[in-house]
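To convert a position in the sequence shown, counted from 1, into this note's numbering, add 15.
C-beta: ideal position from N, C-alpha, C; glycine also.
For reference, the structure discussed in these notes is given below.
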Amino acid sequence: MSDKQNIPISPGPTQTETLLGGKTDVAVCGSDGGFYNVFVRQLPIKSFPALLAVQDDELKMAELYCDKAAGWAETLSLESLEKVVTEGERLNQDFFSRWVQRRLNRQEKLMPGVTEKLVRAASASPNGSQKAASSAA
């Protein structure tokens, strides 16, 4: 593992990022070699279902985090894509994880045993739990 992979992700936005509306400025490099800045944002809760749906697609995650059109993330260098996704996760993961847990708790109240079924289905699926969780809602 490289040192870069061992860098801990700090939970949630900083106080300054919160004052800026949950955004952080990230320098990225396009596939053409040009550098520019983009805002990576803390998503509004209404965007959480969309984030859940794209958990297996980092290109779409980056576009959602930066509020960019489909295809935009493909113009980034691999390092910049990783930087955007990492910053987006840092800004959103804490509250998003709690939202997912509340969602699962509500599903469990309505359909006792559904969480266990989702876990079993996810472990049998080559694409993981996100598709199984999305289809249960």
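Just tell me which of Ser92, Leu106 and Thr130 has its CA closest to the CA of Arg8.
Because the chain spans 16 through 152 in this model, residue 8 falls outside it and cannot be assessed.
What is the DSSP secondary structure of Val129, counted as helix, strand or coil?
Counting from one through the sequence shown, the residue named residue 129 turns up at place 114. It is helical.
From the DSSP secondary-structure annotation, give me the bridge partner or partners of Thr39.
Numbered from its first residue, the sequence shown carries residue 39 at position 24. Bridge partners of Thr39: Val55.
Would DSSP call Gly49 helix, strand or coil?
Along the sequence shown, read from residue 1 onward, the residue named residue 49 stands at position 34. Coil, per DSSP.
At which residues does the alpha helix (DSSP H) containing Lys75 begin and terminate?
The count along the sequence shown starts at 1 and reaches residue 75 at position 60. That run of the alpha helix (DSSP H) goes Glu73 to Cys81.
Quick check: the Cα distance between Ser62 and Phe54, rounded to an integer number of angstroms?
For the purposes of this step, residue 62 is taken as residue 47 along the sequence shown, with counting starting at 1. For the purposes of this step, residue 54 is taken as residue 39 along the sequence shown, with counting starting at 1. Looking at the two C-alpha atoms, the distance is approximately 16 Å.
Does the Cβ-Cβ distance between Ala77 and Gly103 come in under 8 Å?
For the purposes of this step, residue 77 is identified with residue 62 of the sequence shown, where counting begins at 1. For the purposes of this step, residue 103 is identified with residue 88 of the sequence shown, where counting begins at 1. Yes. Within cutoff.
Give every residue of the same chain whose Cβ lies closer than 6 Å to the Cβ of Val69, excluding the five residues on either side of it in the sequence, and list them in chain order.
Residue numbering aside, residue 69 sits at position 54 when the sequence shown is read from its first letter. The answer, listed in chain order, is Lys75 and Met76.
With DSSP as the reference, identify every bridge partner of Leu91, one or two as the case may be.
Reading the sequence shown from its first residue, position 76 is the one you call residue 91. DSSP lists Gly45 as partners of Leu91.
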